[in-house]
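**Q** In my numbering, the protein residues as written are 6 to 207. Mind having a look at this structure? Questions to follow.
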Amino acid sequence: MVGPMPECQEIPLFPLGHVLFTGARLPLQIFEPRYLDMVGRCMKTDTGFGVVLIREGTETFGGTPPPSLFNIGTYARIVDFSQLANGLLGIVCVGGGKFRIERSWEAPDHLVMAEVVFLPEERQGAVSEEFSSLVDTLRVLVKHPMIEKLDLDIDYQDARSVSWRLAELLPLEAETRQSLLQMQSPRERLVEIRRLIAKLKG
Numbered sequence: 006m007v008g009p010m011p012e013c014q015e016i017p018l019f020p021l022g023h024v025l026f027t028g029a030r031l032p033l034q035i036f037e038p039r040y041l042d043m044v045g046r047c048m049k050t051d052t053g054f055g056v057v058l059i060r061e062g063t064e065t066f067g068g069t070p071p072p073s074l075f076n077i078g079t080y081a082r083i084v085d086f087s088q089l090a091n092g093l094l095g096i097v098c099v100g101g102g103k104f105r106i107e108r109s110w111e112a113p114d115h116l117v118m119a120e121v122v123f124l125p126e127e128r129q130g131a132v133s134e135e136f137s138s139l140v141d142t143l144r145v146l147v148k149h150p151m152i153e154k155l156d157l158d159i160d161y162q163d164a165r166s167v168s169w170r171l172a173e174l175l176p177l178e179a180e181t182r183q184s185l186l187q188m189q190s191p192r193e194r195l196v197e198i199r200r201l202i203a204k205l206k207g
């Protein structure tokens, strides 16, 4: 028996040259009017927005068409905001669930809007012994002074948490991170991360 079709939801998008993973914190400087308005609406209504990697094009609006986007992104919620020393609005958002873009368009205020379907939550599971070296790698990474400041919440027993944080922290190209984001299996992601680390070591 076929279940009901997933329901589409309409959300604003924030296209970036950056991939956001579930549980990751992302600081942003907001200066374009379209995003200042979006942040204001999100804070008033306690809603979020989608962070999506740009396939082709630019982050800022300059009279050009919206950028071409990958179709899998992460829903972000604002958890902090402040006025930065440069006078701009600074926000910190945290990655939530993943979604697939069904269609997108440019609104009159040049904000990119999309109809999205949220993907099933990844299954929780213990990190198997075969990936113990990856847990060790993650423990080393988080001791770096720059990463230590992020005060990351990591469950070293959970394959999802370990795979997300490694995908976030390892020195990888944005499109490689995107391919890791699109995987729905933590084990599949850990296998690929192990291969990528071996490649990085040469």
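Note that the Cβ used here is the ideal one computed from N, Cα and C, for glycine as well.
How long is the line joining the alpha carbons of L124 and K103, rounded to whole angstroms?
**A** Computed Cα separation, rounded: 6 Å.
**Q** Which same chain residues, not among the five before or five after I77, have their C-beta less than 7 Å away from its C-beta?
**A** If we look at I77 and ignore the five residues flanking it on each side, its Cβ neighbours are K103, R105, L186, Q187.
**Q** For W110, list the residues DSSP reports as bridge partners.
**A** M118, per the DSSP bridge assignment.
**Q** Report the start-end ranges of each alpha helix (DSSP H) in the region 137-191 that is 4 residues or longer and not cut off at the edges.
**A** Those alpha helix (DSSP H) runs which fall completely within the region 137-191 and span 4+ residues are 137-146, 150-153, 164-174, 179-187.
**Q** Return helix, strand or coil for V196, following the three-state DSSP convention.
**A** Helix, per DSSP.
**Q** When burial is assigned at 16 or more other CB atoms within 10 Å of the CB, is E15 buried or exposed?
**A** Exposed, by the Cβ-count rule.
**Q** Between the beta-carbon of P72 and the beta-carbon of R82, is there less than 9 Å?
**A** Going by C-beta atoms, P72 is not nearer than 9 Å to R82.
**Q** Measure the beta-carbon distance from C13 to V117 and round it to whole angstroms, keeping in mind my assumption that it falls under 8 Å.
**A** Incorrect: roughly 16 Å between the Cβ atoms, too far for contact.
**Q** Output the boundary residues of the beta strand (DSSP E) element that contains R60.
**A** Note, R60: beta strand (DSSP E), 54-61.
**Q** State the DSSP-derived secondary structure class of G45, mapped to helix, strand or coil.
**A** G45 falls in the helix class under three-state DSSP.
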